[in-house]
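Using the working numbering, read the sequence shown as starting at 4 and increasing by one per residue.
The beta carbon of each residue, even a glycine, is placed where N, CA and C say it ideally should be.
Reading through the structure tokens given below for one structure.
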Amino acid sequence: MKLKHIESAIQQICPVQDFDGRPTIDLEQYTTPPRLAAEMISTIQYDFDDIEGKIVADFGCGCGILSAGCLLMEPDTLYAVDVDMKCIEITQMHLEEVDGIVEYLHCNINEQMDLKGRVIDTVITNPPFGTRVQGADLGFVVAGLKAANVVYSLHKTSTRENLRKKAREMGANGEVVSSVSFALPKMYKMHKKKSVDIEVDFWRFTKVE
């Protein structure tokens, strides 16, 4: 599936990309741009074969943009996980007409998840950048590696060396797959500009056997 087709499909599946006008600042909620989401999904599947036929979880699913991209690659099962019920409802609304098995989990990623005895293969996440709560982004990686063997995540480029160190401390390999400019849109009253470009790294974390 070509990149432009993945991007177009995500845009069609997920028309609501502003948390229904009610983003929660303490959770640092912001959406993954469809183009970036398409690039992530394409890389995860076509470079690493980590979606098709696999059990995949989207930690902090938000408006369902990454979840939508995952479903295009035909996973065995997709778990859409978020602590905010509003996000679960928006994601469910977006994905209800999309083919595939989706389980919605309204819980904190650090809580025991009801997976009905199944084991997650791949975690994908666009976590909070840790601006409000320091280390919040790392928490998603830690939770992801507890749940699965491979985690794909976005992080500020400025945290790269710290993440490498933390990955080693966790007994994991951390690889920067690509670096991109993330256009962060104005979503909160404190934001003065329509959008701000932030340099981010797309990471692949794997457990060391």
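Inter-residue distance for residue 110 and residue 97 is about 19 Å (C-alpha atoms, whole angstroms). Counting the other CB atoms within 10 Å of its CB gives residue 120 a total below 16, which places it among the exposed residues. For residue 128, the uninterrupted beta strand (DSSP E) run begins and ends at 125-128, by DSSP.
Buried is the label assigned to residue 116, since at least 16 other Cβ atoms lie within 10 Å of its Cβ. The beta carbon of residue 185 sits closer than 8 Å to those of 36, 39, 157, 200, 201, 202, 203, all from its chain and outside the five residues before and after it, given in chain order. Beta bridge pairing from DSSP links residue 155 with 127, 207.
The criterion of a C-beta distance shorter than 8 Å is not satisfied by residue 16 and residue 41. Per DSSP, reduced to three states, the secondary structure at residue 105 is strand. Residue pairing from DSSP leaves residue 50 without any beta-bridge partner.
Assigned with DSSP and collapsed to three states, residue 16 falls in helix. Taking the Cβ atoms as the reference, residue 55 lies roughly 30 Å from residue 88, outside the contact range of under 8 Å. Contact check for residue 165 and residue 69: beta-carbon distance about 24 Å, past the 8 Å limit, so the pair fails to qualify.
Taking the Cα of residue 78 as reference, the smallest distance to any Cα among 65, 85, 86, 58 is reached at 58.
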